[in-house]
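Q: Structure provided below as structure tokens; questions to follow.
Numbering (our numbering), first residue to last: 22 to 223.
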């Protein structure tokens, strides 16, 4: 039953990720789809973040407005960086982008699987589901993906350090959103991706 629950939740995560993965792959090779995809995702992210802020700053509209504006500026910067990178004339830009995305995905998968199987000591009180076993699993899975890219795409071995940093930032971002959800007293940031806790989590 334990393994069935893990596989059921994991399958739900994977299945609901498929539309996003297809959108990302199409966006890499088509600028029109890229712009459209970034716009749609941005609207959903801003909506989810505004809902969190409404719960955190129920009586302080000024702070709500300030943090929402800061988030929108961050999203604009985030989108512009992705657009200029993928529309630029960088060598192997598609492979590099897929590499970074894969590290983020398998950091999440590794953390989920190792955390559920080995459990153990909690990593922080911010998120009760995060454990040291999950953190180690995140690094292990991301390094496995890194080795596959090194083998099949002739990436530099130095990317191992870069992989560790991407995985670390990814986990830190996950903890930050968990902290916001805890402050807002909500379980999920949205219902756009069942099994993931919302698009903002991703």
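Backbone N, C-alpha and C define an ideal beta-carbon position, used for all residues, glycine too. In this text the structure is predicted, and so the values were computed from the model without any measurement.
1. Let me make sure I understand the geometry here. Which of 135, 120, 130 and 159 has the alpha-carbon closest to that of residue 35?
2. Skipping 5 residues on each side, what residues in its chain have a beta carbon closer than 7 Å to that of residue 74?
3. Take the Cβ of residue 80 as the centre, count every other Cβ of all protein chains shown within 10 Å, and call the residue buried at 16 or more, exposed below.
4. So, do the region 63 to 70 and the region 43 to 51 have three or more beta carbon pairs nearer to each other than 8 Å?
5. If you draw a straight line from the alpha carbon of residue 134 to that of residue 101, how long is it in whole angstroms?
6. Answer with buried or exposed for residue 198, where buried requires no fewer than 16 other C-beta atoms within 10 angstroms of its C-beta.
7. For the 8 Å Cβ check, are there 3 or more pairs between the region 145 to 165 and the region 193 to 210?
8. Which residue wins for smallest C-alpha separation from residue 59, given the options 169, 104 and 113?
9. Expressed to the nearest angstrom, what Euclidean distance is found between the alpha-carbon atoms of residue 167 and residue 214?
10. Just the C-alpha distance for residue 194 and residue 163, rounded to the nearest angstrom, thanks.
11. Buried or exposed: residue 107, going by 16 or more other Cβ atoms within 10 Å of its Cβ?
12. Return yes when at least one heavy atom of the ligand ATP lies under 7 Å from the C-beta of residue 36, else no.
13. Who are the near neighbours of residue 181 in its chain, counting only those whose CB is closer than 7 Å to its CB and skipping five residues on each side?
14. Kindly indicate which three-state DSSP category residue 8 falls into: helix, strand or coil?
A: In brief:
1. Among 135, 120, 130 and 159, the Cα nearest to that of residue 35 is on 130.
2. Same-chain partners within the cutoff: 85, 88 and 89.
3. The residue is exposed, with fewer than 16 neighbouring Cβ atoms inside 10 Å.
4. Three or more Cβ pairs closer than 8 Å define a contact, and the region 63 to 70 falls short of that threshold against the region 43 to 51.
5. Spanning the two alpha carbons is a distance of roughly 33 Å.
6. By the 10 Å Cβ count, residue 198 comes out buried.
7. Yes, the region 145 to 165 touches the region 193 to 210.
8. Residue 104 is the option with its Cα nearest to residue 59.
9. Within the model, the alpha-carbon separation for residue 167 versus residue 214 is close to 26 Å.
10. Looking at the two C-alpha atoms, the distance is approximately 16 Å.
11. So residue 107 counts as buried.
12. By its list of ligands, the structure shown contains no ligand whatsoever, and the ligand ATP lies outside what it can speak to.
13. Closer than 7 Å at Cβ, skipping near neighbours: 164 and 167.
14. This structure does not reach residue 8, given that the chain is present from 22 up to 223, and the question cannot be answered.
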